[in-house]
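Novice:
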Amino acid sequence: MQTDLNQIQDNKPVLRLNVKVSPNPCQGNFKIEGDDLIRQCVVTVRNILGKPVFYVERPLQLPILVDITGSPAGVYFISAECDTGFYYGKIELM
Numbered sequence: 004m005q006t007d008l009n010q011i012q013d014n015k016p017v018l019r020l021n022v023k024v025s026p027n028p029c030q031g032n033f034k035i036e037g038d039d040l041i042r043q044c045v046v047t048v049r050n051i052l053g054k055p056v057f058y059v060e061r062p063l064q065l066p067i068l069v070d071i072t073g074s075p076a077g078v079y080f081i082s083a084e085c086d087t088g089f090y091y092g093k094i095e096l097m
């Protein structure tokens with residue numbers, strides 16, 4: 004990695020992961036699928052204010068079953084950051 008005051012450069016390529024989130028919109032229960040998620044991976048679902056409402060590190064099985072039924076209706080942001088790449092998406096809770 005090469006750094007200076009204006010930029011950070013990392014020679015490692017970053018790939019967008021192939022992830023499927025369903026159903027969308029949802030009633031509070033949904034699943035996150037993708038073969039790359041079983042590796043060194045952190046999956047977080049955040050509300051519109053950025054507060055985490057779901058978090059899993061190194062999921063042991065796929066699909067990842069998410070239950071945010073106690074959360075208010077609205078848009079939630081999903082991030083999956085793995086050693087092989089990343090995924091950012093959103094889901095609507097009805």
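Be aware that the sequence shown starts at 4, since it is given in this note's numbering, and climbs by one per residue.
No residue lacks a Cβ here, since even glycine has one placed at the ideal position from N, Cα and C.
Only a predicted model underlies this, so the values are computations on that prediction, with no experimental measurement involved.
1) When the Cα atoms are used, what is the spatial distance from Gly88 to Gly73?
2) Any idea what DSSP makes of Asp38, helix, strand or coil?
3) How would you call Ile51, buried or exposed, if buried means at least 16 neighbouring beta carbons within 10 angstroms?
4) So is Val22 buried or exposed if we call it buried at 16+ other beta carbons inside 10 Å?
5) With 16 as the cutoff for other CB atoms within 10 Å, does Leu68 come out buried or exposed?
Specialist: Put simply:
1) The residue given as residue 88 occupies position 85 in the sequence shown. The residue given as residue 73 occupies position 70 in the sequence shown. For Gly88 and Gly73, the distance between alpha carbons rounds to 30 Å.
2) As a working note, residue 38 is residue 35 in the sequence shown. Note: Asp38 maps to helix in three-state DSSP.
3) The residue you call residue 51 lines up with position 48 of the sequence shown. Flag for Ile51 reads exposed.
4) For this step, residue 22 is matched to residue 19 along the sequence shown. Counting Cβ neighbours within 10 Å, Val22 comes out buried, since at least 16 surround it.
5) Your numbering for residue 68 matches position 65 in the sequence shown. Label assigned to Leu68: exposed.
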